[in-house]
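Following: one structure in C-alpha cells, then a few remarks.
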Amino acid sequence: MDAVTADPTPEEQDAPRSVATAIWTPELAGRWTMNNDLADVPSTATDSILRCSEAFSLVPKPPGFVRRAGIPGEVRAKSRRLLPHRARHWTYRVCVVNTARNYRTAIERASEGV
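Residue numbering for the sequence shown follows this note's numbering, beginning at 15 and increasing consecutively.
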C-alpha cells in the first residue's frame with residue numbers, strides 16, 4: 015500500500031482522536047476507526063467551532079467582562095488548546111454542541127469507511 019492511501023499510524027491517530035474527544039465524548043472517539051477519511055472531519059469541525067466562537071466574540075459583553083487572549087497558530091494547534099476551554103465555557107458551549115450534532119453523521123460514516 016502506498017503512503018498516500020495507507021491508514022494513519024497509531025501515533026498519527028492521536029491528534030485527530032484528541033480533537034474528536036474534545037468535540038464528542040471519549041467513549042465515541044474511542045470506538046471510531048481513525049482512518050484517512052475520518053482525520054478530515056475533526057479539522058473541519060474545529061473550523062466550524064472557531065467561526066462560531068468568533069461570532070460570539072462580536073456580541074457585546076457585560077461590564078467587567080475580561081476577554082481572554084487569543085491563541086495564535088494553525089487550526090490543529092488552536093484546537094488542542096482552545097477546544098477544551100471552549101467546551102467548558104458556557105458562552106461557547108453552544109458552538110461545540112451544535113458542531114458535534116452537525117458533524118456526527120459525517121464522522122460516523124467516515125469511521126465506517128463509507
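Glycine included, each C-beta is placed from N, C-alpha and C at the ideal position.
Alpha-carbon to alpha-carbon, residue j and residue i
i: residue 25; j: residue 127; result: 20 angstroms
i: residue 55; j: residue 73; result: 28 angstroms
i: residue 85; j: residue 114; result: Per-residue confidence for residue 85 stands at a pLDDT of 36, beneath the threshold of 50, marking its modelled position as unreliable; the derived number appears in the next sentence. Near 22 angstroms, if we compare the C-alpha coordinates of residue 114 and residue 85.
i: residue 47; j: residue 61; result: 22 angstroms
i: residue 34; j: residue 40; result: 8 angstroms
i: residue 110; j: residue 50; result: 23 angstroms
i: residue 119; j: residue 43; result: 13 angstroms
i: residue 112; j: residue 57; result: 15 angstroms
Cβ-Cβ distance between residue i and residue j below 9 angstroms
i: residue 36; j: residue 116; result: no
Beta-carbon separation (whole angstroms), residue i vs residue j, contact threshold 8 angstroms
i: residue 52; j: residue 125; result: 5 angstroms
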